[in-house]
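Asker: I have a structure here, written as structure tokens, and I will follow up with some questions on it.
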Amino acid sequence: MVATVPNSYEDRTQSIARELIQATQTKKGFLAQMRDQMKLDDKLMDWTMSNPGLKVQLFRFIDCLPALQSNPEIAAHLREYLTTEEVELPDLLKNLLNFSDPGSMPGQVAATTVSTAIKTLAQKYISGETIAQAIRTIERLRKDKMAFTVDLLGEAVITEVEAQQYLDRYLDLMAQLATAAQRWPTIAQIDEADGQPLPKVQVSVKLTAFYSQFDPLDVAGSQAKTADRARVLLRRAKELGAAVHFDMEQYKYKDATLAALKAVLMEPEFRDRTDIGLTLQAYLRDSYADLQGVVAWAKERGTPVTVRLVKGAYWDQETIQSVQKDWPQPVFNDKAATDANYEAMTQLLLENHAHLYAALGTHNARSAAKAIAVAEKVGAPRRAFELQVLYGMADKLGKTLADKGYRVRVYCPYGDLIPGMAYLIRRLLENTANSSFLRQSSLGERELNELAAAPQPNDAVYETVVPFANAPDTDYSRQNLRDPALAAIAQVRSQLGQLYRPLIAGRRVETSETIASENPSKPQELIGKVGLASIEQADEAIAAAKAAFPAWKATPAKERAAILRKAADLMEARRAELSAWVCLEVGKALRQADPEVSEAIDFCRYYADEMERLEAGTAYDYPGETNRYHYQPKGITLVISPWNFPLAIPVGMTVASLVTGNCTILKPAETSSVIAAKFIEILVEAGIPDGVLQYVPARGSTAGAHMVKHPDVHTIVFTGSQEVGCWIYANAAILQPGQKHLKRVIAEMGGKNAIVVDESADLDQAVQGVVDSAFGYSGQKCSACSRAIVLAPIYEAFVERLVEAVKSLNIGPADDPSVKVGPVIDGTSQARIRDYIAKGKAESTLAIELPAPEGGYFVGPTVFRDVPPTAAIAQEEIFGPVLAVIKAETFEQALAIANGTQFALTGGLYSRTPSHIDRAAREFEVGNLYINRNITGAIVARQPFGGFKLSGVGSKAGGPDYLLQFLEPRVVTENVQRQGFAPVEGFE
Numbered sequence: 001m002v003a004t005v006p007n008s009y010e011d012r013t014q015s016i017a018r019e020l021i022q023a024t025q026t027k028k029g030f031l032a033q034m035r036d037q038m039k040l041d042d043k044l045m046d047w048t049m050s051n052p053g054l055k056v057q058l059f060r061f062i063d064c065l066p067a068l069q070s071n072p073e074i075a076a077h078l079r080e081y082l083t084t085e086e087v088e089l090p091d092l093l094k095n096l097l098n099f100s101d102p103g104s105m106p107g108q109v110a111a112t113t114v115s116t117a118i119k120t121l122a123q124k125y126i127s128g129e130t131i132a133q134a135i136r137t138i139e140r141l142r143k144d145k146m147a148f149t150v151d152l153l154g155e156a157v158i159t160e161v162e163a164q165q166y167l168d169r170y171l172d173l174m175a176q177l178a179t180a181a182q183r184w185p186t187i188a189q190i191d192e193a194d195g196q197p198l199p200k201v202q203v204s205v206k207l208t209a210f211y212s213q214f215d216p217l218d219v220a221g222s223q224a225k226t227a228d229r230a231r232v233l234l235r236r237a238k239e240l241g242a243a244v245h246f247d248m249e250q251y252k253y254k255d256a257t258l259a260a261l262k263a264v265l266m267e268p269e270f271r272d273r274t275d276i277g278l279t280l281q282a283y284l285r286d287s288y289a290d291l292q293g294v295v296a297w298a299k300e301r302g303t304p305v306t307v308r309l310v311k312g313a314y315w316d317q318e319t320i321q322s323v324q325k326d327w328p329q330p331v332f333n334d335k336a337a338t339d340a341n342y343e344a345m346t347q348l349l350l351e352n353h354a355h356l357y358a359a360l361g362t363h364n365a366r367s368a369a370k371a372i373a374v375a376e377k378v379g380a381p382r383r384a385f386e387l388q389v390l391y392g393m394a395d396k397l398g399k400t401l402a403d404k405g406y407r408v409r410v411y412c413p414y415g416d417l418i419p420g421m422a423y424l425i426r427r428l429l430e431n432t433a434n435s436s437f438l439r440q441s442s443l444g445e446r447e448l449n450e451l452a453a454a455p456q457p458n459d460a461v462y463e464t465v466v467p468f469a470n471a472p473d474t475d476y477s478r479q480n481l482r483d484p485a486l487a488a489i490a491q492v493r494s495q496l497g498q499l500y501r502p503l504i505a506g507r508r509v510e511t512s513e514t515i516a517s518e519n520p521s522k523p524q525e526l527i528g529k530v531g532l533a534s535i536e537q538a539d540e541a542i543a544a545a546k547a548a549f550p551a552w553k554a555t556p557a558k559e560r561a562a563i564l565r566k567a568a569d570l571m572e573a574r575r576a577e578l579s580a581w582v583c584l585e586v587g588k589a590l591r592q593a594d595p596e597v598s599e600a601i602d603f604c605r606y607y608a609d610e611m612e613r614l615e616a617g618t619a620y621d622y623p624g625e626t627n628r629y630h631y632q633p634k635g636i637t638l639v640i641s642p643w644n645f646p647l648a649i650p651v652g653m654t655v656a657s658l659v660t661g662n663c664t665i666l667k668p669a670e671t672s673s674v675i676a677a678k679f680i681e682i683l684v685e686a687g688i689p690d691g692v693l694q695y696v697p698a699r700g701s702t703a704g705a706h707m708v709k710h711p712d713v714h715t716i717v718f719t720g721s722q723e724v725g726c727w728i729y730a731n732a733a734i735l736q737p738g739q740k741h742l743k744r745v746i747a748e749m750g751g752k753n754a755i756v757v758d759e760s761a762d763l764d765q766a767v768q769g770v771v772d773s774a775f776g777y778s779g780q781k782c783s784a785c786s787r788a789i790v791l792a793p794i795y796e797a798f799v800e801r802l803v804e805a806v807k808s809l810n811i812g813p814a815d816d817p818s819v820k821v822g823p824v825i826d827g828t829s830q831a832r833i834r835d836y837i838a839k840g841k842a843e844s845t846l847a848i849e850l851p852a853p854e855g856g857y858f859v860g861p862t863v864f865r866d867v868p869p870t871a872a873i874a875q876e877e878i879f880g881p882v883l884a885v886i887k888a889e890t891f892e893q894a895l896a897i898a899n900g901t902q903f904a905l906t907g908g909l910y911s912r913t914p915s916h917i918d919r920a921a922r923e924f925e926v927g928n929l930y931i932n933r934n935i936t937g938a939i940v941a942r943q944p945f946g947g948f949k950l951s952g953v954g955s956k957a958g959g960p961d962y963l964l965q966f967l968e969p970r971v972v973t974e975n976v977q978r979q980g981f982a983p984v985e986g987f988e
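With UniProt numbering, letter number 972 in the sequence shown gets 972, and the count goes up by one each step, no holes.
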């Protein structure tokens, strides 16, 4: 919501804005300008504002710089980043980078010069690398009558050790600031208001950093964990007389953060505290409504807290993520819309000054002027109103406001540059953005009256053209989506224990044998009973498919595609229920089950589109002759699906076969046959004709093997173990009596996937990515990371953080929203994985083995370090939560180790070295390579999935050539001449 600006405030706002702008646009003298021209750090900023290509590459280099350990490394990366085609280098940088050897004297000079300039640049935005330095900065600010709030740099908290350290460092920070404050004289402008003292010390903290497993899906658990540490901080702050302000971060944490803070601050111990604040971000589309909610809550609380209003610092990240996830864009796309919303929220906040204190953080003179105008009009007392700026930005505006007698607070980040680099990048982006008020003011790009005028929103949601629109996963940060997902667990539990029988020729058939499907988190919980088809019933299913084939083959592709699209719609409507079935039957946590439903939906819609494209065929016409290239279905497809993706994979394999006109038999894995039955229900409801699709749960060793060898089966699609896949491949090649075709086998048979981490990698990102890839769904994804190959310079640091990150994982039943690692599929898998853990202990060094909970098929996440590349746990597919960490001395050796197995499915690289990224793209032998992200979760159409070597045979699932495997290409050529006459248009 964006409110309009009343005229009663506008005239005064513009008057104040013009005054502030004029005061902040003082011209520098000639000597000052000459000094600035000599400073490389200032010139870097100027260059980035005029050269977008340089800006991108320079900021990427700055992001990488803290990881580089020597001048030759710095020089080498400088050349790699700044000598690409898209970068137009200024002469000074061209001359600086004119060296051939990074270790030479010119290379050393370049490295020292640029790294020193960047450090100098960073120091303009960071108040100190130590508390002592920060205190000296604060004392200089106080001499200029400006208050402060201190923020500890460091974005990522991925372990509970780090979360506790974060709290401890804040406790120490507050104590040292409080000690220093004892010698500070009272400055009435910033230390008093309305006759009452204000805390001289204020710190700003991130609530999410109090708990490494903070998760919007686990609202109750996240609130409980963060609240415990928040209480410790608030109690100590009261003892020291310090104020605490809670910052806001990414959108996905917003609602959970607000809920947690509201709950804690309503507790009797904290309800009367006025020295606590929270933050709202005006670039969020729902922020005005959030503020309305905070106003109502504050009225109920009865004691004011401070609301820091900022515009927001994650615009690029929020926009990109929303596009990638096909979610609504949470931020305004138009800067003017953000500014207008900020002003509307400022007005609402100040008009409720009796219930909330306002802290208006802005570098826009117009926004500050609006705050002053409203505060004057509504008579906001001094205690209820202050202005804030970031350290190193809008210094003139802050000083001008302070000189006019307003309470100005400077947000002062402090800490090491390595964890603070993300902060610096955001500040640089803000300072060099075309829409930045700072840039417009300093460059004189707008006339004074235009800068002072009210913002004119022209907002539209950011849109990008994509060839295929994927189904969005559920955004669990939204309560209206999260609550139904959690409620579906209980709803599905009310349906447990039913019998699911085979579907043959459109009717359910009785079987002499049934198996029980159990919940691997709680084996005594019966999910359902499944009737197992006999060999005779398998023959009946094949006969029914053969009888239905002529009519299905003749059905137009458009009609077949319509059934798939209808099935996709039904899955979307039943998303929460299907996710719950996946969670309970195979022990996959909701946050991983839900994307599987998205993938199943995508397979239906994508293959429907693809079949209509292929149906059009291709014409190659010549005078006197027409040539038509088209496709026809092969016949009968046997689909043998796995349990680890019990919905997405059987859906993809089955609907690919169906939409291409083949009659299809689905034999699901025995441990996930109930979910497969739910899929069959959906296809039947969508209109699949009787006999075209058969649901044949069966023993793989009996009826399953019989169908593989059956002469009437044309295509076999399999996902599973290498052993079974190779058996199918061999037996399908045997020509059976009466068989008139060669069978096509499409097989995906797993991997031994590696992630390479080089010395330039972002360790926060790399550790989290390896943990997610290795232990998501207990390592039971064919794409899971089972080897981390780490270069020697960062090996020890990586292993140390990895171990702590694994210690922090929550293990337990998959339906518990706090759990990240659930059970393995059954007792057989559990025993096999434990055998591999025993082998690992004999072959290498155990780094960590988490204890497994009782009562289910649990295996605690296990990490081995110093693993020989040839060890069994480094070569054989384990399919469980076991990770081998291998040291490599060089990047070349790391690639050799990564490629040194019989598999070639997925792989990953964490690196900020362009040449390493390019080399991995060429030489890392995997079907799917992921760079600087986790290696699981391929998305249909974006990342078609499949490997080579012994990882499988066939085209990539979800790709443009997958359907071709189910089709026979044909060419029809016709001579259209009649007595020398050729009716070809345009031919004479």
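For every residue, glycine included, the Cβ atom is placed at its ideal position computed from N, Cα and C.
1. Rounded to the nearest angstrom, what separates Leu532 and Phe468 at their Cα positions?
2. If I follow the unbroken beta strand (DSSP E) through Gln498, where does it start and stop?
3. Report the rounded CA-to-CA distance for Thr112 versus Ala920, giving the unit in angstroms.
4. Considering only the beta carbon of each residue, do Gly958 and Pro944 sit closer than 8 Å?
5. Measure from the alpha carbon of Lys522 to the alpha carbon of each residue in Arg18, Asp815 and Val953, then state which is nearest.
6. Using a 10 Å radius around the Cβ and a threshold of 16 neighbouring Cβ atoms, would you call Gln981 buried or exposed?
7. Is the Cβ-Cβ distance between Val157 and Ser212 less than 8 Å?
8. Between which two residues does the beta strand (DSSP E) containing Gly398 stretch?
9. Determine the direct distance from the alpha carbon of Glu610 to that of Gly604, and round the result to whole angstroms.
10. By alpha-carbon positions, which one of Ala797, Ala754 and Met393 ends up nearest to Ser783?
11. For Ile187, which residues of its own chain have a beta-carbon under 7 Å away from its beta-carbon, when the five flanking residues on both sides are left out?
12. Considering only C-alpha positions, which residue in the set Asn95, Val114, Leu20 and Gly107 is nearest to Phe61?
13. Please specify which runs of the alpha helix (DSSP H), each continuous and at least 4 residues long, are wholly inside the stretch 312–375, giving them in chain order.
14. Do you know offhand how far Asn71's Cα is from Val757's?
15. For Ser786, tell me which candidate among Ala761, Phe903, Tyr695 and Glu685 has the shortest Cα-Cα distance.
16. Please confirm whether Leu309 and Thr346 have their CB atoms less than 8 Å apart.
17. Can you find the residues in the same chain that come closer than 8 Å, C-beta to C-beta, to Leu481, ignoring five residues on each side of it along the sequence?
18. Once you ignore the five residues that flank Ile746 on each side, which residues in its own chain have a CB closer than 6 Å to its CB?
19. Whole alpha helix (DSSP H) runs in the stretch 453–495 with 4 or more residues, listed along the chain?
20. Does the stretch 795–807 come into contact with the stretch 891–900, if we say contact requires no fewer than three beta-carbon pairs (one atom in each stretch) closer than 8 Å?
21. For Trp581 and Gly617, what's the separation of their Cα atoms in angstroms?
22. Give the single residue among Thr702, Leu417 and Thr671 whose Cα lies nearest to the Cα of Ala538.
23. Measuring straight from C-alpha to C-alpha, what distance separates Gly293 and Lys254?
24. Taking C-beta to C-beta, are Gly635 and His710 nearer than 8 Å?
25. Once DSSP output is grouped into helix, strand and coil, what is the label at Lys949?
26. Rounded to whole angstroms, what's the CA-CA distance from Tyr631 to Ala554? Just pull it up for me.
27. Quick one: give me the first and last residue of the alpha helix (DSSP H) that Gln768 is part of.
28. Using 8 Å for Cβ pairs, my map puts Ala23 next to Thr400. What's the rounded Cβ distance?
29. Just to confirm the assignment: which complete beta strand (DSSP E) runs, minimum length 3, are found wholly within the stretch 793–862?
30. Could you check which residue in Leu280, Leu791 and Ala454 has the C-alpha nearest to that of Gly312?
31. Measuring alpha carbon to alpha carbon, tell me which residue in Lys566, Lys546 and Phe645 is nearest Ala593.
32. Can you tell me whether Leu963 is buried or exposed? The criterion is at least 16 other CB atoms within 10 Å of its CB, across all chains shown.
33. What number of angstroms, rounded off, separates the C-alpha of Gly822 from the C-alpha of Ser494?
34. What did DSSP end up calling Asp594 once you bin it into helix, strand or coil?
35. Return helix, strand or coil for Lys529, following the three-state DSSP convention.
36. Report yes if the C-beta distance between Tyr910 and Gly769 is below 8 Å; otherwise report no.
Answerer: The answer reads as follows:
1. In the sequence shown, the residue the question calls residue 532 occupies position 532. In the sequence shown, the residue the question calls residue 468 occupies position 468. One C-alpha to the other measures close to 38 Å.
2. Here the question's residue 498 lines up with position 498 in the sequence shown. Run containing Gln498: Gln498 to Tyr500, per the beta strand (DSSP E) assignment.
3. Within the sequence shown, the letter at position 112 stands for residue 112. Within the sequence shown, the letter at position 920 stands for residue 920. Near 29 Å, if we compare the C-alpha coordinates of Ala920 and Thr112.
4. Counting from one through the sequence shown, the residue named residue 958 turns up at place 958. Counting from one through the sequence shown, the residue named residue 944 turns up at place 944. Closer than 8 Å, so yes.
5. Your numbering for residue 522 matches position 522 in the sequence shown. Here the closest residue by C-alpha is Asp815.
6. Locating residue 981 in the sequence shown gives position 981, counting from the first residue. According to the sequence displayed, residue 981 carries Phe and not Gln. Exposed.
7. On the sequence shown, residue 157 is found 157 positions in, with the first residue counted as 1. On the sequence shown, residue 212 is found 212 positions in, with the first residue counted as 1. In this structure, Ser212 lies closer than 8 Å to Val157 by Cβ.
8. Locating residue 398 in the sequence shown gives position 398, counting from the first residue. Premise fails: Gly398 lies in the alpha helix (DSSP H), Asp395 to Asp403, not in any beta strand (DSSP E).
9. Position 604 of the sequence shown, counted from the first residue, corresponds to residue 604. Position 610 of the sequence shown, counted from the first residue, corresponds to residue 610. Note on residue identity: the sequence assigns Cys, not Gly, to residue 604. Going by the C-alpha atoms only, they are around 10 Å apart.
10. Position 783 of the sequence shown holds residue 783. Measuring from the Cα of Ser783, the nearest candidate turns out to be Ala754.
11. Position 187 of the sequence shown, counted from the start, is the residue given in the question as residue 187. If we look at Ile187 and ignore the five residues flanking it on each side, its Cβ neighbours are Arg142 and Lys145.
12. Numbered from 1 along the sequence shown, position 61 holds the residue referred to as residue 61. The option with the nearest alpha carbon to Phe61 is Val114.
13. 315–324 and 335–351
14. Position 71 of the sequence shown, counted from the start, is the residue given in the question as residue 71. Position 757 of the sequence shown, counted from the start, is the residue given in the question as residue 757. If I take the Cα positions, the gap works out to 21 Å.
15. Numbered from 1 along the sequence shown, position 786 holds the residue referred to as residue 786. Comparing Cα positions, the closest option is Phe903.
16. Taking the first residue of the sequence shown as position 1, residue 309 is located at position 309. Taking the first residue of the sequence shown as position 1, residue 346 is located at position 346. Cβ atoms of Leu309 and Thr346: closer than 8 Å.
17. By one-based count along the sequence shown, residue 481 stands at place 481. For Leu481, where only same-chain residues beyond five positions count, the Cβ hits under 8 Å are Thr474 and Asp475.
18. As a first step, residue 746 must be located in the sequence shown, where it is residue number 746. Cβ within range, chain order: Val717, Gly954 and Gln965.
19. 479–493
20. no
21. Working through the sequence shown from its first residue, we reach residue 581 at position 581. Working through the sequence shown from its first residue, we reach residue 617 at position 617. Each residue's Cα considered, the two are about 40 Å apart.
22. Along the sequence shown, read from residue 1 onward, the residue named residue 538 stands at position 538. The option with the nearest alpha carbon to Ala538 is Thr702.
23. Walking along the sequence shown from the start, residue 293 turns up at place 293. Walking along the sequence shown from the start, residue 254 turns up at place 254. Distance between the alpha carbons of Gly293 and Lys254 is about 13 Å.
24. Here residue 635 refers to the residue found at position 635 of the sequence shown. Here residue 710 refers to the residue found at position 710 of the sequence shown. No. Outside cutoff.
25. By 1-based counting over the sequence shown, the position of residue 949 is 949. In this structure, Lys949 counts as strand in the three-state DSSP scheme.
26. As a first step, residue 631 must be located in the sequence shown, where it is residue number 631. As a first step, residue 554 must be located in the sequence shown, where it is residue number 554. Answer to the nearest angstrom: the Cα atoms are 12 Å apart.
27. Within the sequence shown, the letter at position 768 stands for residue 768. Counting along the chain, the alpha helix (DSSP H) containing Gln768 begins and ends at Leu763 to Phe775.
28. Translated into the one-based positions of the sequence shown, residue 23 becomes position 23. Translated into the one-based positions of the sequence shown, residue 400 becomes position 400. The pair is a contact, with the Cβ atoms about 4 Å apart (cut-off 8 Å).
29. 845–849
30. Walking along the sequence shown from the start, residue 312 turns up at place 312. The candidate whose alpha carbon is nearest that of Gly312 is Leu280.
31. As a first step, residue 593 is located in the sequence shown; it is residue number 593 there, counting from the start. Checked all of Lys566, Lys546 and Phe645; the closest Cα to Ala593 is Phe645.
32. Locating residue 963 in the sequence shown gives position 963, counting from the first residue. The residue in question, Leu963, is buried, as its Cβ has 16 or more Cβ neighbours within 10 Å.
33. As a first step, residue 822 is located in the sequence shown; it is residue number 822 there, counting from the start. As a first step, residue 494 is located in the sequence shown; it is residue number 494 there, counting from the start. Distance between the alpha carbons of Gly822 and Ser494 is about 22 Å.
34. Working through the sequence shown from its first residue, we reach residue 594 at position 594. Looking at Asp594 - three-state DSSP - the assignment turns out to be helix.
35. Locating residue 529 in the sequence shown gives position 529, counting from the first residue. Three-state result, Lys529: strand.
36. If you number the sequence shown from 1, residue 910 lands on position 910. If you number the sequence shown from 1, residue 769 lands on position 769. Cβ atoms of Tyr910 and Gly769: closer than 8 Å.
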